[in-house]
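And the structure:
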């Protein structure tokens, strides 16, 4: 009897779930909500009981008790079905290239040519590298930004594959291109036993603001392993989860550099009086790297105590002076600027570590107003050190100065496919602010 009752109850739940989406009123079209999934049709959501409108959305997923939409900025937003009064179909449809073209029009003619060449190069790589799926996915993400339908279809096919990692890589490319990401796929990634897949899923959840992932991310951020806790900390910060501040304060004092850096990033991203007060209270008793990290948070949040303490670290702790000098020189600190100039004049072995510091030094001087240091960054883009070339491109994205368009063209033409794609990403980031924002949210450091 109980067994039959349970079967009947489950049947009623399934029936209720199937009819619930039908109960959501769709106006302005004969289509159902299900028909709108993945289309270029724009809709306006009208919420009850307030009647507030959320316009220019696309339907991308219907869950058991929620509906997920994509905004014009490519971000994911969701509403409970019970909160939806009406979904109104708009007469206009999404013009996929509208955002890109608006941004590109602001470019100088020569910069526009560089970015157009970046898309062309990425397109060539997509067409000719069928034996390198990683490169092809990266190329597809770029040219999908430029409205390439073949690349879009390629990514959609990969999303239907049987390999979870391939699906997640395709989802990452879709997100970078400004398209939505499926919560079901991200949830599968978060539950995966393959650690890199779980980390990528965490980053996607945070970047796409998937609030459904918060309970799982809260467990991950408590994990001892940095490859779980670090991406979870960044993801939760992107979603504004301030409840994890005590955990971040614990991570910031750990020996593991990846954890410490993630804590600095997350606390700086969250900001606010509670972060400032908590960090300030701990600075006096902190030493070494823990003190530097705490002070860095204050410095990045532009608190006066952060500036004073960073200057003290620069003058009193020789092992941390180079890192402190980089931060100080970005804001034109005279002593730090002189320190970095002297370091750049020294002859050092061209190791990856030395050349990476050289790139960071040059970037710091440039941001502090020493525009001549751009020549050093140009020199590093021709370096034999792959690490130095790649960190230089990352720093160019960080600085977000379109003056660098003129020096990245040779990198776009490089025969090294993955390096050329990174240069193409850099060009797209300089030209399209929304793309840059998405790219930086998925960084692993």
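Numbering (our numbering), first residue to last: -19 to 425.
For every residue, glycine included, the Cβ atom is placed at its ideal position computed from N, Cα and C.
Residue pairing by DSSP leaves residue 106 without any beta bridge partner.
Pairing residue 37 with residue 27 gives a Cβ-Cβ distance that is not under 8 Å. Straight across, the Cα-Cα distance linking residue 371 with residue 33 is about 44 Å.
A direct Cα-Cα distance of roughly 20 Å separates residue 8 from residue 41. Less than 8 Å separates the beta-carbon of residue 245 from that of residue 217. Three or more Cβ pairs drawn from the segment 331 to 347 and the segment 297 to 314 lie within less than 8 Å of each other, which places the two stretches in contact. Scanning its chain for C-beta atoms nearer than 7 Å, with the 5 sequence neighbours on each side dropped, one finds around residue 152 the residues 180, 184, 422, in chain order. Comparing alpha carbon positions, the residue from 389, 378, 60, 385 closest to residue 419 is 378. With a 10 Å radius around the Cβ and a threshold of 16 neighbouring Cβ atoms, residue 395 comes out exposed. For residue 34, the three-state secondary structure derived from DSSP is strand. From the listed residues 18, 25, 199, the smallest Cα separation to residue 136 is found for 18. The three-state reading of DSSP puts residue 245 in helix, counting H, G and I together.
According to the DSSP assignment, residue 174 belongs to no alpha helix (DSSP H), since it is labelled neither H nor E.
Per DSSP, residue 385 is one residue of the alpha helix (DSSP H) stretching across 385 to 392. The shortest C-alpha to C-alpha distance from residue 178 to any of 376, 208, 154, 273 is the one to 208. Cβ contact annotation for residue 263 (same chain, cutoff 6 Å, sequence separation greater than five): 274, in chain order. With 16 or more other Cβ atoms from the protein chains shown falling within 10 Å of its own Cβ, residue 149 counts as buried. A Cβ-Cβ contact shorter than 8 Å links residue 410 with residue 380. Annotated three-state conformation of residue 232 is coil, per DSSP. Under the 8 Å Cβ criterion, the segment 278 to 286 does not count as touching the segment 314 to 326, having fewer than three qualifying pairs. Counting along the chain, residue 259 sits inside no beta strand (DSSP E); it lies in the alpha helix (DSSP H) bounded by residues 253 to 262. Here residue 422 carries a coil assignment [DSSP, helix/strand/coil]. Residue environment for residue 221: buried (at least 16 other C-beta atoms within 10 angstroms of its C-beta). Residue 357 has its alpha-carbon roughly 17 Å from the corresponding atom of residue 404.
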